[in-house]
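One structure is given below, encoded as structure tokens.
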Amino acid sequence: MDLKAQIQSNKLPNHLAIIMDGNGRWAKQKGMVRVIGHENGTKSVRDVVEASAEIGIKNLTLYAFSTENWKRPKLEVQTLMKLLVKSLKKEIKTLQENNIRLMAIGNLSDLPKKAHKELLEVIEKTKNNSHMTLTLALSYGSREEIIKVIKELTDKVKNNIISVESIDESIINKHLYTHNLPDVDLLIRTSGEHRISNFLLWQIAYAELYFTDILWPDFKKDNLYEALIDYQNRERRFGKTSEQLS
Ligand code: IPE
Ligand code: IPE
Ligand code: MG
89 MDLKAQIQSN
99 KLPNHLAIIM
109 DGNGRWAKQK
119 GMVRVIGHEN
129 GTKSVRDVVE
139 ASAEIGIKNL
149 TLYAFSTENW
159 KRPKLEVQTL
169 MKLLVKSLKK
179 EIKTLQENNI
189 RLMAIGNLSD
199 LPKKAHKELL
209 EVIEKTKNNS
219 HMTLTLALSY
229 GSREEIIKVI
239 KELTDKVKNN
249 IISVESIDES
259 IINKHLYTHN
269 LPDVDLLIRT
279 SGEHRISNFL
289 LWQIAYAELY
299 FTDILWPDFK
309 KDNLYEALID
319 YQNRERRFGK
329 TSEQLS
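Per our numbering, residue 89 is the first one in the sequence shown, and the count goes up by one each step.
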């Protein structure tokens, strides 16, 4: 049966986040170098962005590079950055045609100059697009983000801009990289790893988690539909009882 047809358009996650994992293992299984896995991973990005826009997801956030990933072999890091530039150059047209806005979260100034510049350009060019917001997490670490928030808030308290008493969830949300995004509703991780790896710790407080063994370069539209159908069959209680919801 057509999976796409089973998705209810009124129950879509408002914010879908994905930990795209398994590129290296995908390549290794095929007797190829890790980088080939990353190259093929970009094809899945395309597929998933396209599918998300088609079905009407408003916010899609992809974990592309973590603060910890800087510890990888230099050549792999360089190749990932080159792939980023290449993809940005290649996909800008598709983003415009599909009215998709690009954003980025993370310590962007850590990116190589060329990648940083290209990224800011695409962000600027697509800033008025409104069909979907695609956010790339680049040099992103959730703990780093939370430390940034604490520093900014303590600074504001020190300078009497805000009071300690006024600190609440909404102020914290406003200082996160994700300040213009809603909470994550569904978090998908591919490749069989059951962990969060420092991704959006605050923002996934009530997210539904979906893990699949499929390696990222094999994750295609139908795999996304399966995850969405699974999500739509769950009861999100937010601490309440089932009876209270109905
Ligand atoms: C995800 O795939 C891509 C990045 C983290 C940049 P990996 O490169 O982590 O692939 P595995 O987990 O080693 O298979
Ligand atoms: C998480 O994947 C980061 C990204 C997908 C960008 P990793 O492969 O780096 O995570 P760990 O090291 O297995 O936890
Ligand atoms: Mg990995």
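Glycine included, every Cβ here is placed at the ideal spot set by N, Cα and C.
No experiment lies behind these values; they were computed from the predicted model shown.
Q. Under three-state DSSP, which class holds I188?
A. The sequence position of residue 188 within the sequence shown is 100, counting from 1. DSSP places I188 in strand when its eight states are reduced to three.
Q: Thinking L176 and E206 are a contact (beta carbons under 8 Å), I'd like their distance in whole angstroms, please.
A: For the purposes of this step, residue 176 is identified with residue 88 of the sequence shown, where counting begins at 1. For the purposes of this step, residue 206 is identified with residue 118 of the sequence shown, where counting begins at 1. 5 Å between Cβ atoms; contact.
(Q) Give me the DSSP bridge partner(s) of Y298. (A) One-based indexing of the sequence shown puts residue 298 at position 210. In the DSSP output, where bridge partners are listed per residue, Y298 has I276.
Q.
Under 8 Å: do the region 238-251 and the region 156-175 share three or more Cβ pairs, one atom per stretch?
A. no
(Q) Could you give the first and the last residue of the continuous alpha helix (DSSP H) run that contains I106? (A) Along the sequence shown, one-based indexing puts residue 106 at 18. Premise fails: I106 lies in the beta strand (DSSP E), H103 to I107, not in any alpha helix (DSSP H).
Q | Given 8 Å, three or more beta-carbon pairs between the region 94-108 and the region 274-287 | A | yes
Q.
Using DSSP's beta-bridge definition, name the partner residues of E147.
A. Along the sequence shown, one-based indexing puts residue 147 at 59. Correcting the residue identity first, residue 147 is Asn in this sequence and not Glu. H103 and T221, per the DSSP bridge assignment.
Q: Quick one: grab the DSSP three-state call for Y265.
A: Looking up residue 265 in the sequence shown gives position 177. If DSSP states are grouped into helix, strand and coil, Y265 belongs with coil.
Q: Report, in whole angstroms, the separation of the C-beta atoms of I188 and N217, which I expect to be a contact under 8 Å.
A: Counted from its first residue, the sequence shown places residue 188 at position 100. Counted from its first residue, the sequence shown places residue 217 at position 129. Right, the Cβ-Cβ distance comes to about 5 Å (below 8 Å), so this counts as a contact.
**Q.** Y294 burial status per 10 Å Cβ neighbour count (16 or more: buried)
**A.** Counted from its first residue, the sequence shown places residue 294 at position 206. Flag for Y294 reads exposed.
Q.
By the three-class DSSP mapping on this structure, what secondary structure does E226 have?
A. On the sequence shown, residue 226 is found 138 positions in, with the first residue counted as 1. As written in the sequence, residue 226 is Leu, which differs from the Glu given in the question. Strand.
Q) Helix, strand or coil: which one does DSSP assign to I259? A) The residue given as residue 259 occupies position 171 in the sequence shown. Three-state DSSP puts I259 in a helix.
(Q) Following a CB-centred definition, is S254 positioned closer than 8 Å to any heavy atom of ligand 2? (A) The sequence position of residue 254 within the sequence shown is 166, counting from 1. Flag unset: Cβ of S254 not near ligand 2.
Q) Any chance the CB of I107 is under 8 Å from a heavy atom of ligand 2? A) Position 19 of the sequence shown, counted from the first residue, corresponds to residue 107. Correct: I107 has its Cβ closer than 8 Å to ligand 2.
Q: Starting from the C-beta of S251, find all residues in its chain whose C-beta is less than 8 Å away, skip the five residues before and the five after it, and write them out in chain order.
A: Numbered from its first residue, the sequence shown carries residue 251 at position 163. Closer than 8 Å at Cβ, skipping near neighbours: V245.
Q.
Excluding the 5 residues flanking T204 on each side, which residues of the same chain have their C-beta closer than 8 Å to its C-beta?
A. Numbered from 1 along the sequence shown, position 116 holds the residue referred to as residue 204. The question names Thr, yet the displayed sequence has His at residue 204. Cβ within range, chain order: L196 and S197.
**Q.** Simplified DSSP state of I193, which is helix, strand or coil
**A.** Mapped onto the sequence shown, residue 193 falls at position 105. I193 falls in the strand class under three-state DSSP.
Q: Determine the DSSP secondary structure at S140, reduced to helix, strand or coil.
A: As a working note, residue 140 is residue 52 in the sequence shown. If DSSP states are grouped into helix, strand and coil, S140 belongs with the helices.
Q: With DSSP as the reference, label S285 as helix, strand or coil.
A: Here residue 285 corresponds to residue number 197 of the sequence shown, with the count starting at 1. In this structure, S285 counts as coil in the three-state DSSP scheme.
Q) My guess is that E233 and L264 are in contact by the Cβ rule of under 8 Å, so how many angstroms apart are they, rounded? A) The sequence position of residue 233 within the sequence shown is 145, counting from 1. The sequence position of residue 264 within the sequence shown is 176, counting from 1. Confirmed, Cβ separation roughly 6 Å.
Q) ligand 2 heavy atoms versus the CB of N189: any closer than 8 Å? A) As a working note, residue 189 is residue 101 in the sequence shown. Looking at the sequence provided, one finds Arg at residue 189 rather than Asn. False, no ligand heavy atom lies under 8 Å from that Cβ.
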